[in-house]
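With my numbering applied, the sequence shown covers 129 to 351. For every residue, glycine included, the Cβ atom is placed at its ideal position computed from N, Cα and C. Please read these numbers as outputs of a predicted model, since none were measured by experiment. Below is one structure, written out as structure tokens; comments come after it.
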Amino acid sequence: MAGRQLSNRQLTVLLVSGVILLAAIWLWPWLKNLTAARLAATVLGWGWAGRVVVFLLALLQGSLPVIPFFLLASGAGLAYGFWQGAFLVWSGAVLGCLLPFYLARFLGYQWAQTYLDKKGWHFQARPAFGFMAVLTGRLFPVVPSSVINILAGLSPLSVPVFLSATALGKLPWTLMYAGLGRLLTKGELPLGYILIVVSFLLIGFTLVYLKYQKNRLLREKPE
């Protein structure tokens, strides 16, 4: 029964992945010439449906990054204001990261664990370590987001830990880009917006620094 349920999940993930891929191919002629101003003008012309479109585009971006995140967030901020635009993009992008995570988890997890066992590399599920690894990757986007999603899916990291780290790590950049989009086009950026972004960045940097110091002390601790 459990195998049957897992098979159904695999099929669901594959089906959704196929839909996302087809949507990206279909939208590519429009996406490749997209600008923040053009995105804002397009979705505003669709009324309330435009908000759904922004959310779905963010979902697509989180799953398959065919749209620059800065462009999407700044366009949403221009169209719907700082708060609403940021929320639409942030929530969609966070949920979108689940698709490649589940794709790797259901289709590659067993293979990855078998490979690591053969190499003699044994990893235990450590929520704190996994949370910090994903959070650091989101706050310092040197590694592509899609790579983080796949690696997290291949690891024993739980879904709640992955989601919470992704949500926290993406929030500062979403707020910053949405605010910059509003600033560059409307000249509006209240001080409160800047303080929010700076606060989240400071929190993230502090968490990463404390984790680094803890690991350093553990390495220096005598046996």
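Use the C-beta contact count for residue 290: other C-beta atoms within 10 angstroms, 16 or more gives buried, fewer gives exposed. Within the sequence shown, numbered from 1, the residue matching residue 290 stands at position 162. By the C-beta density criterion, residue 290 is buried, having at least 16 other C-beta atoms within 10 angstroms.
According to the Cβ coordinates, are residue 309 and residue 202 closer than 8 Å? Numbered from 1 along the sequence shown, position 181 holds the residue referred to as residue 309. Numbered from 1 along the sequence shown, position 74 holds the residue referred to as residue 202. Contact: yes.
Inter-stretch contact at 8 Å, needing at least 3 Cβ pairs: the region 276-287 / the region 222-230: Segments in contact, yes.
If the criterion is Cβ atoms closer than 8 Å, does the pair residue 172 and residue 207 meet it? By one-based count along the sequence shown, residue 172 stands at place 44. By one-based count along the sequence shown, residue 207 stands at place 79. Yes, they are a contact pair.
Please state whether DSSP places residue 183 in a helix, a strand or coil. Here the question's residue 183 lines up with position 55 in the sequence shown. DSSP, reduced to helix, strand and coil, places residue 183 within a helical segment of the structure shown.
Within 8 Å, strictly: CB atoms of residue 223 and residue 199: Here residue 223 refers to the residue found at position 95 of the sequence shown. Here residue 199 refers to the residue found at position 71 of the sequence shown. With contacts defined as CB atoms closer than 8 Å, residue 223 and residue 199 fail to qualify as a contacting pair.
Name the residue from 143, 234, 288 and 179 whose alpha carbon lies nearest to the alpha carbon of residue 220. For the purposes of this step, residue 220 is taken as residue 92 along the sequence shown, with counting starting at 1. Looking at the Cα atoms, 179 is the closest of the given residues.
Is it right to say residue 161 is buried, meaning 16 or more other beta carbons lie within 10 angstroms of its own, or is it exposed? Here residue 161 corresponds to residue number 33 of the sequence shown, with the count starting at 1. By the 10 Å Cβ count, residue 161 comes out exposed.
Measure the Cβ-Cβ separation of residue 260 and residue 336 and say whether it is below 8 Å. Stepping through the sequence shown from its first residue, residue 260 is reached at position 132. Stepping through the sequence shown from its first residue, residue 336 is reached at position 208. Using a Cβ distance threshold of 8 Å, residue 260 and residue 336 count as a contacting pair.
Please check the pair residue 214 and residue 294, which I expect to be a contact at CB under 8 Å, by giving their CB distance rounded to whole angstroms. Your numbering for residue 214 matches position 86 in the sequence shown. Your numbering for residue 294 matches position 166 in the sequence shown. Not a contact, Cβ separation roughly 15 Å.
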